[in-house]
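Accompanying notes for the structure given below.
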Amino acid sequence: MGSCNRILIIKPSSLGDIVHCFPLVDEIRRSCPGSEVDWVANTEYVSLVKRYPGVRKVLSFPRSKWGKATFFHDLRFFISDLREDSYDAVVDAQGLLRSALIARACRTDVRIGSSEAREGASRFYSHIVYPENRKTIVHAVQKNLRLLGALGLTPRYSSEKLIYDSSDQDRLDRILRQVAPDFSGDFFVLHPGAKRSIKRWPSLYFSNLLDSIHRYFPSIRPVLIGAPEDRSLLEEIDGRTRSKAVLLPGVIPIDLLPLFFEKALFYVGNDSGPLHLAVMAGVPTVSFYGSSTPERTGPFDGGKGNHVVLGDKVPCSPCGDFQKHCDHQSCLVGVTPEAAFSKILSLIPQRNQPSDRVSLNPMARRSA
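Basically my numbering = 1-based index in the sequence shown + 125.
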């Protein structure tokens, strides 16, 4: 369908959704050699998207300033930047009215989106992609790739790692030295937070899991990560345990998290954005899914990695993306720390030699 020399992808948020959209870049560049791909992302994700191979330019959408005095001033600059280039096609992978209006503002005749877009967004598309079977559960990665069918492409999955160099490793090392000067050796990552409480495995369970890991692997250091507002949660979990954890609430910039994760032995966490960065970094993961459907939004790497998803199948699960609160959380409470620990053991090849997998000293320079 015409030329695909210059394509704009609109996927402003959220973190996991952006990661699930990265394969579009690979497919466009594979099918259309020499093509240029630009991206619209919320300001807080621009640094991450810039690191993805094949992304030429990232346009910063000031979503976080909505309702603030400077929003319309920043929006005016965004639209000016948006219209600086013309595009052979614009792909709205967000599927909301806001993203559809961004597509409408672009200099293009081809605006692609899904028939399942919400808020009436599909009214602004020139090319609408319909699902093959509405009853079939399709992962977000595959759903995104199908949008490229409107360009006449036959999508297939592939995904690259983010681009880093020695200066990025130096930057990460400096950050770690400032907050944890004694941090070295083997470690794993635990992320107990999530934007919505309904997605959180109980904090007491995380503490019990840490104790089990410490008894079995006393030399492996736990690293607890989260947003700045998760500090009290991390301290609560760590305060109950015998393990000496490193707490990093909001410490590592989002674009450096995959570089940090690459050296981890494994990752444990809820259904949230950092999980998908860990998957992209090639780290084995154990994750907890209850309210959402892992077949749609779970870890996805084309079957290359070692990822375990835990969640109790109860009548009310999954309860959907819009459920804000649950009084019982049976789908997550039913997953015991013992069950999670047994899955972690399956991810570690040798109990007594965890370092055989990879050099895990976060201060060590990578050989590549």
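No residue lacks a Cβ here, since even glycine has one placed at the ideal position from N, Cα and C. None of the values given here were measured: they were computed from a predicted structure.
Three-state secondary structure (DSSP) of residue i
i: K182; result: strand
i: H145; result: coil
i: L390; result: coil
i: E161; result: strand
i: V460; result: coil
i: T410; result: strand
i: V216; result: strand
i: S88; result: Residue 88 lies beyond the range of the chain shown here (126 to 493); nothing can be said about it.
i: R232; result: strand
i: V174; result: helix
i: P399; result: helix
i: A305; result: coil
i: L102; result: In the structure as shown, the chain begins at 126 and stops at 493. Residue 102 is therefore absent and cannot be evaluated.
i: S156; result: helix
i: H432; result: strand
i: F312; result: strand
i: I379; result: helix
i: I237; result: strand
i: S211; result: strand
Residue i, enclosing alpha helix (DSSP H) - first and last residue
i: G375; result: Counting along the chain, G375 falls outside any alpha helix (DSSP H), and DSSP gives it neither H nor E.
i: P443; result: Neither: P443 is in no alpha helix (DSSP H) and is coded neither H nor E.
i: A319; result: Segment: none, A319 is in no alpha helix (DSSP H) and carries neither H nor E.
i: I132; result: Careful: I132 lies outside any alpha helix (DSSP H), inside the beta strand (DSSP E) at R131 to I135.
i: L358; result: R356 to G364
i: I262; result: It is not in any alpha helix (DSSP H) - I262 carries neither H nor E in the DSSP assignment.
i: D199; result: F196 to L207
i: T168; result: It is not in any alpha helix (DSSP H) - T168 carries neither H nor E in the DSSP assignment.
CA nearest to the CA of residue i, picked from the options
i: A85; options: K449, T279, L390 and P347; result: There is simply no residue 85 to check, as the chain begins at 126 and stops at 493 in what is shown.
i: S344; options: T422, R299 and S309; result: S309
i: G245; options: T233, L221 and V266; result: L221
i: D396; options: L297, L140 and I135; result: L140
i: R340; options: C129, V408, D355 and T366; result: T366
i: D163; options: K175, K182, P178 and R176; result: K182
i: G238; options: A230, C231 and A225; result: A225
i: R278; options: S128, S455, P440 and V458; result: Looking at the sequence itself, residue 278 is Leu, so the reference to Arg does not match. Nearest option by C-alpha distance: S128.
i: K438; options: I262, L329, Q267 and V460; result: V460
i: S262; options: F186, T422, S442 and F466; result: The amino acid occupying residue 262 in the given sequence is Ile; Ser does not appear at that position. Ranking the options by Cα distance to I262, first place goes to T422.
i: F186; options: F466, V266 and I204; result: I204
i: K369; options: S442, G398, D307 and D452; result: D307
i: G430; options: G415, S442 and S471; result: S471
i: R296; options: C441, P378 and Y170; result: P378
i: G375; options: E354, R232 and E361; result: E354
i: A406; options: C157, Y177, L133 and P158; result: Y177
i: S467; options: V408, L335, D380 and C444; result: L335
Span of the beta strand (DSSP E), counted from its first residue to its last, around residue i
i: E241; result: Run containing E241: none; DSSP gives neither H nor E here.
i: Y330; result: No beta strand (DSSP E) contains Y330, which is instead part of the alpha helix (DSSP H) from S328 to Y341.
i: R346; result: R346 to G351
i: I253; result: H252 to V254
Close-in-space but distant-in-sequence residues of the same chain around residue i (CB under 6 Å, 5 per side omitted)
i: R236; result: V215, A228, Y250 and S251
i: V393; result: L315 and V411
i: Y289; result: L384
i: H432; result: T410 and P424
i: R131; result: E161, Y212 and D213
i: P419; result: V434
Residues of its chain near residue i, where Cβ-Cβ distance is below 8 Å and the 5 sequence neighbours each way are ignored
i: G427; result: Y282, S283 and S284
i: F312; result: I345, R346, P347, V348, V371, K388, A389, L390, L485 and P487
i: A230; result: I204, L207 and R208
i: D452; result: none
Contact belief for residue i with residue j at Cβ below 8 Å, rounded distance in angstroms
i: S138; j: T168; result: Rounded, the Cβ-Cβ distance is 10 Å, inconsistent with contact.
i: L287; j: E152; result: Actually they are not in contact, since the Cβ atoms of L287 and E152 sit about 18 Å apart, beyond 8 Å.
i: A218; j: L272; result: 6 Å
i: L184; j: L200; result: Actually they do not touch by this definition, with Cβ atoms about 12 Å apart.
i: V144; j: L402; result: 6 Å
Residues of its chain near residue i, where Cβ-Cβ distance is below 7 Å and the 5 sequence neighbours each way are ignored
i: A464; result: L435
i: K449; result: R321 and I323
i: Q478; result: Unreliable placement is indicated for Q478, whose pLDDT of 43 sits below 50; the coordinate value is still reported in the next sentence. So no residue of the chain qualifies.
i: P333; result: The sequence given here has Asn at residue 333, not Pro. Counting only Cβ-Cβ distances below 7 Å, and skipping sequence neighbours, we find P462.
i: S247; result: G238, S240 and I253
i: L358; result: P317, G318, S328 and G351
CB contact below 8 Å: residue i versus chain D
i: L270; result: In the structure shown, chain D does not exist; there is a single protein chain.
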